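Enquirer:
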Amino acid sequence: MCQFSAHPSRPTLADYIDIPDIYPAGRLDADSEGLLLLTDDGQLQHNISHPALKQPKTYLAQVEGIADAAQLTRLRSGVDLGDFVTLPCQARQVEAPDWLWPRNPPIRERHDKPTSWLALTLTEGKNRQVRRMTAAVGLPTLRLVRVAIGQVSLQSHPLWPGEAMEIDPGELSRLKT
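Per UniProt numbering, the very first residue in the sequence shown carries number 1; after that it's consecutive.
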């Protein structure tokens, strides 16, 4: 979804947005949802996307199971995923967000397995990283929502899927630094 070029089996941004010369600043996996910044500013796109600049991105992950202290410590310390060890991140258990839209289709529910929510803030963004991290500590991700990029947050700017807004100039300048 985070590209404008055609894909044979799923919609892309070009199917929804008809504004010339804008590009996504970063990407979301096809199975993820949430905040995506679009821009015509190459420097802003670079500042958000380039791994060396370590722009923090916050995700809410609905996971199978309830995180214990050891699992949270592993997430915070960096997780060995086999092909790389993740950088330390912020990780905490949170309540289910009341402002979050319902998922379509709903996640699979198992009556014998409770679910819970984690908030994770990362400064790197490798392919399927959050899902791989939570799975590695025994908490498979069922739903993943990016809720913030830097200071731009869906909590302070509630949007539903498909909605858009312009970013405040102050927030925009903080993303550029």
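Think of the CB as a built atom: it goes at the ideal place given N, C-alpha and C, for glycine as much as any other residue. Values in this document were obtained by computation on a predicted structure and should not be read as measured data.
#1: Cβ of residue 67 within 8 Å of Cβ of residue 94?
#2: According to the Cβ coordinates, are residue 56 and residue 38 closer than 8 Å?
#3: Could you name the residues of the same chain whose beta carbon sits closer than 8 Å to that of residue 135, not counting the 5 residues immediately before and after it, in chain order?
#4: Is it the case that the Cβ atoms of residue 115 and residue 90 are separated by a distance below 8 Å?
#5: Put residue 63 into one of helix, strand or coil per three-state DSSP.
#6: Taking the alpha helix (DSSP H) that residue 79 belongs to, which residues open and close that run?
#7: Assign residue 155 to one of two classes, buried (16 or more other C-beta atoms within 10 Å of its C-beta) or exposed (fewer than that).
#8: Taking the alpha-carbon of residue 11 as reference, which of 128, 29, 21 and 20 has the nearest alpha-carbon?
#9: Report yes if the CB atom of residue 16 is closer than 8 Å to the CB atom of residue 145, and no otherwise.
#10: Would you kindly work out how many angstroms separate the C-alpha atoms of residue 166 and residue 103, rounded to a whole number?
#11: Measuring alpha carbon to alpha carbon, tell me which of 33, 63, 26 and 35 ends up nearest residue 45.
#12: When the Cα atoms are used, what is the spatial distance from residue 160 to residue 33?
#13: So, are the CB atoms of residue 40 and residue 21 less than 8 Å apart?
#14: Could you tell me the boundaries of the beta strand (DSSP E) in which residue 142 lies?
#15: Would you call the CB atoms of residue 177 and residue 129 closer than 8 Å?
#16: Taking 6 Å as the limit between beta carbons, can you name the residues of its chain near residue 49, skipping five residues before and five after?
#17: Just the Cα atoms here: how many angstroms apart are residue 173 and residue 126?
#18: Please report the straight-line C-alpha distance between residue 1 and residue 164, rounded to a whole angstrom.
#19: Taking the DSSP output, what are the residues bridged to residue 12?
Expert: Quick answer:
#1: The Cβ atoms of residue 67 and residue 94 lie no closer than 8 Å to each other.
#2: Result no, Cβ atoms of residue 56 and residue 38 do not sit closer than 8 Å.
#3: Here the set comprises 141.
#4: No.
#5: Strand, per DSSP.
#6: Here residue 79 belongs to no alpha helix (DSSP H), and DSSP marks it neither H nor E.
#7: A residue is called buried once 16 or more other Cβ atoms fall within 10 Å of its Cβ, and residue 155, having fewer, is exposed.
#8: Nearest of 128, 29, 21 and 20 to residue 11, Cα basis: 29.
#9: Not a contact, by the Cβ cut-off of 8 Å.
#10: Rounded to the nearest whole angstrom, the C-alpha separation of residue 166 and residue 103 is 24 Å.
#11: When only C-alpha atoms are compared, the closest one is 26.
#12: Straight-line spacing of the CA atoms in residue 160 and residue 33 works out to 11 Å.
#13: A distance below 8 Å separates the beta carbons of residue 40 and residue 21.
#14: Unbroken beta strand (DSSP E) run through residue 142: 141–149.
#15: In this structure, the beta-carbon distance from residue 177 to residue 129 does not fall below 8 Å.
#16: So the qualifying residues of the chain are 25 and 26.
#17: Roughly 25 Å between the two C-alpha positions.
#18: Here the model assigns residue 1 a pLDDT of 47, short of 50, so the residue's position is not dependable, and the following value carries that caveat. One alpha carbon belongs to residue 1, the other to residue 164, and they sit about 15 Å apart.
#19: Answer is none; residue 12 lacks a bridge partner.
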